[in-house]
């Protein structure tokens, strides 16, 4: 029987992998994908808490509603973010993060 | 009507009149004068009602500052015998001066300014008279200074008038600084500031504390009543219009200093050291100003120094610490005859088309007979002619001086000999002899609106010292006004002799001269005191100001203000280098920060 | 059986996640991410959150990742060229990630209430779609409407952003 700790560690590891992707990869698209991975990890831990925290045998569905909203917002965010990346590519002809450094001192 | 309401109305009416004049009557001359005169008449009625009401009370208005049992400043009116008498003096003279101004200032510019200033002054003076605590009297003290500034500087386009106004205010401020220290000192010692409380706690203070407190408060008197060494402003204040000189700088404002001394008389009487200082400063002023009056050529200048000298008499009378009524009696008689003298000088000046040098006058007793008569009444009263008011009060002071302090007695007697000398000098040069200039030849009598106040003032100038009035206005509760016991008869002869000697000498020297036979540089240059003060202010104060400026520019501005700003700027400059523009560097900082936060939360919990 | 399912799918999810970070070709990364999401959806199902699991596959794997693939193909991204390795950044990233994992394990194992086994549901027969629907439309109907407005705004924003500027 998996315990709550198991699910939380799984979610945390997925989050750590996403964080590593954001910090170590150089392509904007892959960074964005790792960001989505981090969001999904948060969803997993929310659902785990919802399932393990029963009151009189009934789940509190508020956490799952929150997951629903997170997925929706993530979808909207991906759409807008990719539109921005497309515009950026059209302007700079590159998706390499180290080339996008004009906002410095 | 309840007496407290009358007291408050008496205080507030001149302020309301001043405000109305300021707001409403810029171009309407009669309205401005009418409002001011109406307010002074209302004050006159209110003051006499309060005087004749014979009710002593302390009308608390409100607690201005109330920070607990040890620190509360009330705002109230004290109606007691002393303040009632002073109230009557101020309220009786003010309407006469206001009516006189109608004639004197008829063609002057700034009519409304003048009357607004007079109304404001009346309000402030009433505040001083009726205040029941030291802080309130200080507030109105400063207000009186402000009104004096406004009125002395009435002809502000003249440099000398503007400078005189400034000098009056600043020199008064010097005295007021000591006054404020005195108030703080008394409050620290007795934890109260109302006169009734501090006067009853005179025995609780140590000798040194009492002396220091009284001397500090006396500094206010030295400034306001133009005692030596802060007397330099009063002669210059003659730049103001003559009715102002008569009301403020002769009868009432300068007497406020003496009034303050009598208000704290129990403290003064309980401290022999302080009384000694007070009486000597008064005596020195009385004699020194008497000498300086001899060297003056301006008709108002002589009267100014005479005022300083008589104020010295009052202060000396207070310093003798015999009774609070002694200086107040001389204040009472002096107010009437000095105001009369100034107003008649104003009448002369107007008749001479604003010529003030006595060596351009002469023979005016024929051209301006009514003024001459009024003037003579005042002059004889001032000189101490037996039977007139001045002699009663001045001789009483000197008699008590003989009784308690012989050295002071001889100084005062010398002053009493000088007084008739310079007054007779003035009288003979201005009124007797033959005219010395065109203006004098064509001088004419002043209109009725100016002559009537003169005569109304001449009556108390002659009779205010008579025993009947003495007992009405100075009941025993203020203090005793009896002659000292065992006064040898030759003392009274000394007084008479001083009077006769002064007049005779003056008439001998000044029988129709063309110019002044007595030209003493020391006197005409005012003992060079003014020059010394000028030098001191320019060099000592100027040097100190330069030091402060250096400190301010380099330390406070350079190090503290700009230094701290530069430090912040430098910090920001260094932090700027964190903005590297690399997205993943930002992500790294973000992640590291979150880790640190988790660590802190985890270890703290 | 639940345990086996959990371990299998969890391992799958983490493995595909790591390969997203390590692979060079963006298309390969996207595909690995799709697989990771499917494993995640299976985990949701093991937690009795069937609705959320299906939504995860439909929306995330079906719409979001498809959008990603479209963009990768639009921009015609090839395997990214390997540049000189930035040692400092790499070390920093690895440090942060390992620090995070350490903290995670410490926190999760420190609290005994996390060690509870799967508690039984009162009535497992009712499909949770109905229950989620009731919660959504009874308690959370206002955020629901706001989310609708948000999606509208996002759509309009995307259209505006991706226009070529009209000169």
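Protein chains in written order, with my numbering: chain E, 126 to 230; chain A, 61 to 665; chain Y, 574 to 740. The beta carbon of each residue, even a glycine, is placed where N, CA and C say it ideally should be. Because the structure is a prediction, the values reported are computed rather than measured.
In whole angstroms, what is the alpha-carbon distance linking residue i and residue j?
| i | j | result |
| --- | --- | --- |
| residue 700 of chain Y | residue 229 of chain E | 54 Å |
| residue 593 of chain A | residue 308 of chain A | 24 Å |
| residue 679 of chain Y | residue 144 of chain E | 18 Å |
| residue 198 of chain E | residue 725 of chain Y | 12 Å |
| residue 268 of chain A | residue 261 of chain A | 15 Å |
| residue 304 of chain A | residue 374 of chain A | 21 Å |
| residue 134 of chain E | residue 685 of chain Y | 14 Å |
| residue 139 of chain A | residue 273 of chain A | 25 Å |
| residue 714 of chain Y | residue 187 of chain E | 12 Å |
| residue 619 of chain Y | residue 635 of chain A | 50 Å |
| residue 449 of chain A | residue 440 of chain A | 9 Å |
| residue 599 of chain Y | residue 152 of chain E | 9 Å |
| residue 404 of chain A | residue 514 of chain A | 7 Å |
| residue 667 of chain Y | residue 585 of chain Y | 22 Å |
| residue 522 of chain A | residue 232 of chain A | 32 Å |
| residue 295 of chain A | residue 222 of chain A | 14 Å |
| residue 131 of chain A | residue 192 of chain A | 16 Å |
| residue 334 of chain A | residue 609 of chain A | 38 Å |
| residue 555 of chain A | residue 356 of chain A | 25 Å |
| residue 620 of chain A | residue 603 of chain A | 24 Å |
| residue 551 of chain A | residue 383 of chain A | 21 Å |
| residue 185 of chain E | residue 141 of chain E | 27 Å |
| residue 173 of chain E | residue 630 of chain Y | 18 Å |
| residue 126 of chain A | residue 70 of chain A | 26 Å |
| residue 220 of chain E | residue 154 of chain E | 8 Å |
| residue 633 of chain A | residue 661 of chain Y | 24 Å |
| residue 132 of chain E | residue 722 of chain Y | 34 Å |
| residue 533 of chain A | residue 144 of chain A | 9 Å |
Going by alpha carbons, who is nearest to residue i out of the options?
| i | options | result |
| --- | --- | --- |
| residue 146 of chain E | Y/606, Y/645 and Y/585 | Y/606 |
| residue 183 of chain E | Y/705, Y/694, Y/601 and Y/631 | Y/694 |
| residue 547 of chain A | A/395, A/273, A/457 and A/642 | A/457 |
| residue 452 of chain A | A/393, A/123 and A/646 | A/393 |
| residue 52 of chain A | A/372, A/331, A/361 and A/322 | Nothing in the structure corresponds to residue 52 of chain A, since chain A is present only between 61 and 665. |
| residue 223 of chain E | E/138, E/126 and E/156 | E/156 |
| residue 161 of chain E | E/202, E/187, E/129 and E/221 | E/202 |
| residue 217 of chain A | A/300, A/291, A/157 and A/145 | A/300 |
| residue 447 of chain A | A/519, A/502 and A/320 | A/519 |
| residue 103 of chain A | A/67, A/82 and A/116 | A/67 |
| residue 395 of chain A | A/319, A/121 and A/357 | A/319 |
| residue 437 of chain A | A/541, A/516 and A/550 | A/516 |
| residue 698 of chain A | A/561, A/572 and A/426 | Limits of chain A in this structure are 61 at one end and 665 at the other, which puts residue 698 of chain A out of reach. |
| residue 160 of chain A | A/149, A/148 and A/175 | A/175 |
| residue 429 of chain A | A/411, A/327, A/637 and A/469 | A/411 |
| residue 462 of chain A | A/401, A/417 and A/549 | A/549 |
| residue 484 of chain A | A/500, A/590 and A/559 | A/559 |
| residue 509 of chain A | A/87, A/97, A/76 and A/359 | A/97 |
Assuming the contact rule is C-beta atoms closer than 8 Å, residue i and residue j should be a hit. Round their C-beta distance to whole Å, please.
| i | j | result |
| --- | --- | --- |
| residue 398 of chain A | residue 431 of chain A | The pair is not a contact, with the Cβ atoms about 16 Å apart (cut-off 8 Å). |
| residue 479 of chain A | residue 388 of chain A | That pair is no contact at about 20 Å. |
| residue 497 of chain A | residue 570 of chain A | Contact doesn't hold; Cβ gap of about 17 Å is too wide. |
| residue 539 of chain A | residue 385 of chain A | 4 Å |
| residue 85 of chain A | residue 92 of chain A | 4 Å |
| residue 209 of chain A | residue 179 of chain A | About 15 Å separates the two Cβ atoms, so there is no contact after all. |
| residue 127 of chain E | residue 576 of chain Y | 6 Å |
| residue 136 of chain A | residue 121 of chain A | 5 Å |
| residue 138 of chain E | residue 594 of chain Y | Rounded, the Cβ-Cβ distance is 12 Å, inconsistent with contact. |
Would the C-beta of residue i count as close to the ligand GDP, meaning under 8 Å from any of its heavy atoms?
| i | result |
| --- | --- |
| residue 302 of chain A | No copy of the ligand GDP occurs in the structure displayed, which carries no ligand at all. |
*Does the stretch 470-480 of chain A come close enough to the stretch 342-352 of chain A to have 3 or more Cβ pairs within less than 8 Å?*
A contact between stretches requires three or more CB pairs, one per stretch, nearer than 8 Å, and the stretch 470-480 of chain A meets this requirement with the stretch 342-352 of chain A.
_Can you pull out the residues from the stretch 652-674 of chain Y whose beta carbon lies closer than 7 Å to at least one beta carbon of chain A?_
Residues 662, 665, 666, 669, 672 and 673.
*Are at least three pairs of beta-carbons, each pair with one atom in the stretch 241-259 of chain A and one in the stretch 273-283 of chain A, less than 8 Å apart?*
Yes, the stretch 241-259 of chain A is in contact with the stretch 273-283 of chain A.
*Taking a cut of 7 Å between CB atoms, which residues from the stretch 626-657 of chain A lie near chain E?*
Taking 7 Å as the Cβ-Cβ cut-off against chain E, the residues of the stretch 626-657 of chain A that qualify are 636, 637, 639, 640, 641, 642, 643, 644, 647, 648 and 651.
*Pair every Cβ in the stretch 644-652 of chain Y with every Cβ in the stretch 208-218 of chain E, then say whether three or more of these pairs are closer than 8 Å.*
Yes, the stretch 644-652 of chain Y touches the stretch 208-218 of chain E.
_Positions along the stretch 688-708 of chain Y whose CB lies within less than 9 Å of some CB in chain E_ = Of all residues in the stretch 688-708 of chain Y, 688, 689, 690, 691, 692, 693, 694, 695, 696, 701, 704, 705, 707 and 708 have a Cβ within less than 9 Å of some Cβ in chain E.
*When Cβ atoms are compared, which residues of the stretch 575-605 of chain Y fall closer than 7 Å to chain A?*
Contact residues of the stretch 575-605 of chain Y toward chain A are absent (C-beta to C-beta distance below 7 Å).
*Per the contact definition of three or more C-beta pairs closer than 8 Å, is the stretch 224-239 of chain A in contact with the stretch 250-266 of chain A?*
No: the two stretches stay apart, fewer than three of their Cβ pairs being nearer than 8 Å.
*How about the stretch 572-586 of chain A and the stretch 350-357 of chain A: do they share at least three Cβ pairs that are nearer than 8 Å?*
These segments touch.
_If the cut-off is 8 Å on Cβ atoms, which residues from the stretch 207-228 of chain E count as contacting chain A, listed in chain order?_
Cβ contacts with chain A: 222, 223, 225, 226, 227 and 228.
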